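In terms of the working numbering, the sequence shown opens at residue 4 and continues consecutively.
C-beta atoms are modelled at their ideal positions from N, C-alpha and C, and glycine is treated no differently.
Just so you know, these numbers come straight off a predicted model, no measurement behind them.
Take a look at the structure below.
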Amino acid sequence: MRKQSLTSSSPISAASAKDPIRHGTRSFRKMILALFAAGFATFSMIYCVQPLMPAFSREYGVTATGSALSLSLTTGILAFTMLLVGNWSDRLGRKPIMVWSLFTSAFLVLATGFAPNWEVFLLERALLGISISGLPAVAMTYLNEEVHADSIGMGMGLYISGSAVGGMSGRLIAGVLANYWGWHVALASIGVISLVAAVLFVRSLPDSQHFSPQHVSWNGRVQQIGRLFNDPGLPWLFVEGFFLMGIFVTFYNYLTYRLMAPPYDFSQAQVGLIFSVYGVGIFSSPVMGHIAGRIGRRKVLWMAFALLTVGALLSFAGAVWAILLGTTLLTFGFFGGHSIASSWVGRRAPGAKAQAASLYLFFYYLGSAVLGSSGGYFYSDWGWEGVAELLTFLAVSGLLIAWKLRVLPPLTAISSITVGAAVNGPYSGKPHEHQNAH
Numbered sequence: 004m005r006k007q008s009l010t011s012s013s014p015i016s017a018a019s020a021k022d023p024i025r026h027g028t029r030s031f032r033k034m035i036l037a038l039f040a041a042g043f044a045t046f047s048m049i050y051c052v053q054p055l056m057p058a059f060s061r062e063y064g065v066t067a068t069g070s071a072l073s074l075s076l077t078t079g080i081l082a083f084t085m086l087l088v089g090n091w092s093d094r095l096g097r098k099p100i101m102v103w104s105l106f107t108s109a110f111l112v113l114a115t116g117f118a119p120n121w122e123v124f125l126l127e128r129a130l131l132g133i134s135i136s137g138l139p140a141v142a143m144t145y146l147n148e149e150v151h152a153d154s155i156g157m158g159m160g161l162y163i164s165g166s167a168v169g170g171m172s173g174r175l176i177a178g179v180l181a182n183y184w185g186w187h188v189a190l191a192s193i194g195v196i197s198l199v200a201a202v203l204f205v206r207s208l209p210d211s212q213h214f215s216p217q218h219v220s221w222n223g224r225v226q227q228i229g230r231l232f233n234d235p236g237l238p239w240l241f242v243e244g245f246f247l248m249g250i251f252v253t254f255y256n257y258l259t260y261r262l263m264a265p266p267y268d269f270s271q272a273q274v275g276l277i278f279s280v281y282g283v284g285i286f287s288s289p290v291m292g293h294i295a296g297r298i299g300r301r302k303v304l305w306m307a308f309a310l311l312t313v314g315a316l317l318s319f320a321g322a323v324w325a326i327l328l329g330t331t332l333l334t335f336g337f338f339g340g341h342s343i344a345s346s347w348v349g350r351r352a353p354g355a356k357a358q359a360a361s362l363y364l365f366f367y368y369l370g371s372a373v374l375g376s377s378g379g380y381f382y383s384d385w386g387w388e389g390v391a392e393l394l395t396f397l398a399v400s401g402l403l404i405a406w407k408l409r410v411l412p413p414l415t416a417i418s419s420i421t422v423g424a425a426v427n428g429p430y431s432g433k434p435h436e437h438q439n440a441h
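This is the structure in structure tokens:
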């Protein structure tokens, strides 16, 4: 009877005991292809408006700060909605939420190309903040659940590389198309490209093998969040996410205005080509993520903020070569820093990955919304020098925090098991896989 019982339950046991996805396997390649496409579409849809902000100002008569709402409204709503989406994905599953998010968002971006006025355009961008929230936090959770500990750094880095390609391509394509056919055609084209990426995603992403539905009350969620804020490192990593995205978005938001004004007088297409600098993020994320996985995230994160600081300082210069060099260093530091910080959050919260990822991305996109908009006041009152001073202050602040995190005590195997058991039941990971990663 004992043997028969075990045999009859073997399909469930086999599914639950399936090995995590590791680098070099077919499942890893399919997963990366899917998440690369998802990151590409997501960040194309969010940031395709950035090179078009001067065009919005001209057509609708709005200020630089008002035009920045086309991005800040999306990322601000995205930040708050992600706190809810993490809970929904715990119940409904990771892949279904991400599929719904990609298709709905692609149709919304397509619709923005036909917006009749500024108010409708902003409404559609606000709805995009809701629909697209189902991808970023859930993708991070999917990676942390399905990928082996020794491959998570590379997996996260490659996913963020897709985000870098999407951010670069969305801005570049939108800028070039707008130069010849107007911004309406540019945004409609981004919507069509994102629909194609969504189809590729749903066909390639492996189904979850280590997901089990959770029905946790809101009181339970609050307790989980409280545990995360009791960790000596996680709150600081959330702040680092706020600084990273805030610096990055503010820099690019107002760089377009600077370069299209005298003495540079760049065209819309030339401004779009500036975003090709994003290409450095394609390799900076996996490279720095891999290095951090080998020698420890605490030893690498400060380097990313040092690059951000140097990039912000170089932007004070008036020469085009110095501006481009500063842009390159700042972009490299941003993507590397985000890869390190986001994967570090997942490793320090083994029993509450979805909540930790949602909180990190909440602060991350809040930085985009708050600093991206407020930077407009600095630009209006003090020009680029005011923006550069703000960016330098934020980068140095992040550097000091990253230096502080160098001496953050690692989670021991015992504390990892305790946290996992307290939140989600016994933690099944092997201790030696986690000690160095924290």
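(request) Output yes or no for whether 8 Å exceeds the beta carbon distance between Tyr367 and Met248. (result) yes
(message) Just to confirm my understanding: we take Leu180, look at its own chain, exclude 5 residues before and 5 after, and list those with CB closer than 7 Å. What are they?
(response) Val188, Ala189, Ser192
(request) Note down the Cα distance separating Tyr363 from Val303, rounded to an integer number of angstroms. (result) 19 Å
(message) If I measure Cβ to Cβ from Ala109 and keep anything under 6 Å in the same chain, skipping five residues before and after, which residues do I get?
(response) Gly194, Ser197, Leu198, Ala201
(request) Say whether the region 339-348 touches the region 291-306, bearing in mind that this needs 3 or more beta-carbon pairs closer than 8 Å, one atom from each stretch. (result) yes
(message) So Gly329 and Ser318 are supposed to be a Cβ contact under 8 Å. How far apart are they, rounded?
(response) 4 Å
(request) Would you identify the three-state DSSP class for Val150, choosing helix, strand or coil? (result) strand
(request) Rounded to whole angstroms, what's the CA-CA distance from Arg25 to Leu161? Just pull it up for me. (result) 13 Å
(request) Grab me the residues of Gly158's own chain with a C-beta within less than 6 Å of its C-beta, minus the 5 sequence neighbours each way, in chain order. (result) Leu146, Val150
(message) Could you give the first and the last residue of the continuous alpha helix (DSSP H) run that contains Lys3?
(response) The structure shown has nothing for residue 3, since the chain only spans 4 to 441.
(message) Across the region 90-107 and the region 56-70, are there enough close Cβ pairs to call them in contact, namely three or more that are closer than 8 Å?
(response) no
(message) Less than 8 Å between the beta carbons of Ala360 and Leu231, yes or no?
(response) no
(request) For Leu87, count neighbouring C-beta atoms within 10 Å of its own C-beta (all shown protein chains included) and say buried if the count is 16 or more, exposed if not. (result) exposed
(request) In angstroms with no decimal places, state the Cα-to-Cα distance between Ala416 and Arg350. (result) Note that Ala416 scores a pLDDT of 38, beneath 50, so its modelled location is shaky; the value from the coordinates is reported in the next line. Going by the C-alpha atoms only, they are around 12 Å apart.
(request) Just list the alpha helix (DSSP H) runs in the region 162-199, keeping only unbroken ones of 4 residues or longer that don't cross its boundaries, in chain order. (result) none
(request) Would you mind stating whether Thr253 and Gly375 have Cβ atoms separated by less than 8 Å? (result) yes
(message) Are the CB atoms of Gly236 and Leu105 within a distance shorter than 8 Å?
(response) no
(request) Select from Trp347, Gln53, Ala391 the residue whose C-alpha is nearest the C-alpha of Pro413. (result) Trp347
(request) Quick one: residues in its chain with C-beta nearer than 8 Å to the C-beta of Leu276, no 5 flanking neighbours on either side, listed in chain order? (result) Leu175, Gly178, Val179
(message) On a Cα-Cα basis, can you pick out the residue from Ile80, Gly42, Leu74, Glu243 that is closest to Pro54?
(response) Leu74
(request) Kindly list the residues whose CB is nearer than 6 Å to the CB of Phe43, restricted to its own chain and excluding five residues on each side of it in sequence; keep chain order. (result) Gly165, Val168, Gly169, Ala200
(message) Between which two residues does the alpha helix (DSSP H) holding Gly69 run?
(response) 67-70
(request) Measure the beta-carbon distance from Thr78 to Gly116 and round it to whole angstroms, keeping in mind my assumption that it falls under 8 Å. (result) The Cβ separation is near 20 Å, so there is no contact.
(request) From the DSSP output, read off the bridge partner residues of Ile24. (result) Val150
(request) Please name the residue, chosen from Trp406, Arg29, Phe83, Val225, that lies closest to Ile135 on a Cα-to-Cα basis. (result) Phe83
(message) Determine whether the beta carbon atoms of Leu126 and Ala41 lie at a separation below 8 Å.
(response) no
(message) Please classify Lys98 as buried or exposed, where buried requires at least 16 other C-beta atoms within 10 Å of its C-beta.
(response) buried
(request) Within its chain, find whatever has a CB closer than 6 Å to the CB of Tyr63; leave out the 5 residues flanking it on each side and keep chain order. (result) Trp121
(message) Just to confirm the assignment, what range does the alpha helix (DSSP H) spanning Ile326 have?
(response) 323-351
(request) Would you mind reading off the limits of the alpha helix (DSSP H) that contains Asn256? (result) 237-263
(message) Check for me: the alpha helix (DSSP H) holding Tyr50 runs from which residue to which?
(response) 29-50
(request) Could you tell me whether the region 375-390 touches the region 299-314, where touching means 3 or more Cβ pairs closer than 8 Å? (result) no
(request) Return the first residue and the last residue of the alpha helix (DSSP H) that Arg97 is part of. (result) 97-115
(request) Please state whether DSSP places Arg61 in a helix, a strand or coil. (result) helix
(message) Please report the straight-line C-alpha distance between Ser377 and Leu262, rounded to a whole angstrom.
(response) 20 Å
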